[in-house]
Amino acid sequence: MHKIFAFNPLMQYKITYTVDRKRNAVHIQKLGKFRVEGLDQIPENAELTTANLIERNGDYYLHITAYIPKGPKVENKKTIGIDLGVKDQVTFSNGVKVSYSVPQSERLKKLQHYFSRAKKGSKNREKLRLKISKEYEHENSIKKDITNKIVHYVVSNYQYVVFQDDDIHSWQKLYGKKILETSIGGIRDALKRKASTPIEVDRFVKTTGVYLVCGNVVEMKLSDREFTCPSCSSWFGRDVASALVIKDKGLCLWNAGETPGDDRASTSSMMEYLQSIPHVKASAAMNREALTARSG
1141 MHKIFAFNPL MQYKITYTVD RKRNAVHIQK LGKFRVEGLD QIPENAELTT
1191 ANLIERNGDY YLHITAYIPK GPKVENKKTI GIDLGVKDQV TFSNGVKVSY
1241 SVPQSERLKK LQHYFSRAKK GSKNREKLRL KISKEYEHEN SIKKDITNKI
1291 VHYVVSNYQY VVFQDDDIHS WQKLYGKKIL ETSIGGIRDA LKRKASTPIE
1341 VDRFVKTTGV YLVCGNVVEM KLSDREFTCP SCSSWFGRDV ASALVIKDKG
1391 LCLWNAGETP GDDRASTSSM MEYLQSIPHV KASAAMNREA LTARSG
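The working numbering applies: residue 1141 is where the sequence shown begins, and numbers increase by one.
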């Protein structure tokens, strides 16, 4: 459905192409000057090198390679555990839950309907194909923006970021549409690349149904959202408990000490940031859930 055509690479900045930030324009050798959008994405201190002019779905894009000086790594010894899921896409060990989805738009559904009825090989069918591709691209851009903003907050505030190597590919087979609308695999992959110290817990490590206070383990159905230990009577919320277990397992793997912090302040600032992201709903776990889960 997506057709992409790339021109010859522009190998040297200020010779094969130049960027004029003030006028929002680029000049490309042998092609001339063009007005563009998106130059504000390039930091002022970036060193521009090569670029590629790409035609995609009837639109033109200039992909610029830029080197940006690395900022200092986060070294505050703060740790966050992250549980990825289907009901709530991200649950943090401080009790914050994040849910979001970018469902197919009504416009896309209509375009797909018209496309299925259009005559094969006709100009109208090709126009519809381009419109569908652009609509998919728009929805993917929204999901990428959500991913980038969530990951940015995490890696900017926590040195140790612990998550589990979940088999998201299998999730897609079971919950295809739900996973497609969230792209939670992108969050995990971005954390691997960007966190100061990413810690990945093996997918076969038991993290669901673990009683943090006494260490007992119980089998849970997907529909079970909370559980009470029969021996110590501790009450747990499923996802926050899993995030705390993931955090604990990760710290054991890394043998890292943790700097204690004000969980209430951490939760409050995280909630405020996440709630500012379009399409994202952030909530705090019930006090009973958060306090009981932390007691271990």
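All residues carry an ideal CB built from backbone N, CA and C; glycine is no exception. For clarity, every value in this text was computed on a predicted model and none was experimentally measured.
{"query": "How about the stretch 1245-1256 and the stretch 1191-1205: do they share at least three Cβ pairs that are nearer than 8 angstroms?", "result": "no"}
{"query": "How about V1236 and A1381: do their beta carbons lie closer than 8 angstroms?", "result": "no"}
{"query": "Closest to K1267 by CA distance: which of L1314, K1227 and F1255 is it?", "result": "F1255"}
{"query": "One question on the structure: do G1390 and V1341 come within less than 8 angstroms of each other, judged by their Cβ atoms?", "result": "yes"}
{"query": "Which of the three DSSP states is assigned to R1434 in this structure?", "result": "Any reading at R1434 must be qualified, since the residue scores a pLDDT of 43, below 50, and its modelled position is unreliable; no value is offered."}
{"query": "Let me make sure I understand the geometry here. Which of K1318, H1167 and G1221 has the alpha-carbon closest to that of C1392?", "result": "G1221"}
{"query": "For the putative contact between N1197 and L1270, defined by C-beta atoms under 8 angstroms, what is the C-beta separation to the nearest angstrom?", "result": "5 angstroms"}
{"query": "Report the three-state DSSP secondary structure of G1172 (helix, strand or coil).", "result": "strand"}
{"query": "Heavy atom of the ligand MG less than 7 angstroms from the Cβ of V1358, yes or no?", "result": "The model on display carries no ligand, and the ligand MG is accordingly not part of it."}
{"query": "Less than 8 angstroms between C-beta atoms, sequence neighbours within five positions excluded: which residues of the same chain meet that for A1258?", "result": "N1264, R1265 and L1268"}
{"query": "Which of helix, strand or coil does DSSP assign to V1341?", "result": "strand"}
{"query": "Rounded to the nearest angstrom, what separates G1172 and Q1152 at their Cα positions?", "result": "16 angstroms"}
{"query": "Taking all protein chains shown into account, decide if L1362 is buried (16 or more other Cβ within 10 angstroms of its Cβ) or exposed.", "result": "exposed"}
{"query": "Comparing alpha-carbon positions, which option in I1286, S1296 and T1158 lies nearest I1324?", "result": "I1286"}
{"query": "Under 8 angstroms by Cβ, that's how I've got V1226 and A1422 pegged, so tell me the actual separation to the nearest angstrom.", "result": "Between A1422 and V1226 the Cβ distance is about 17 angstroms, and since that is not below 8 angstroms, they are no contact."}
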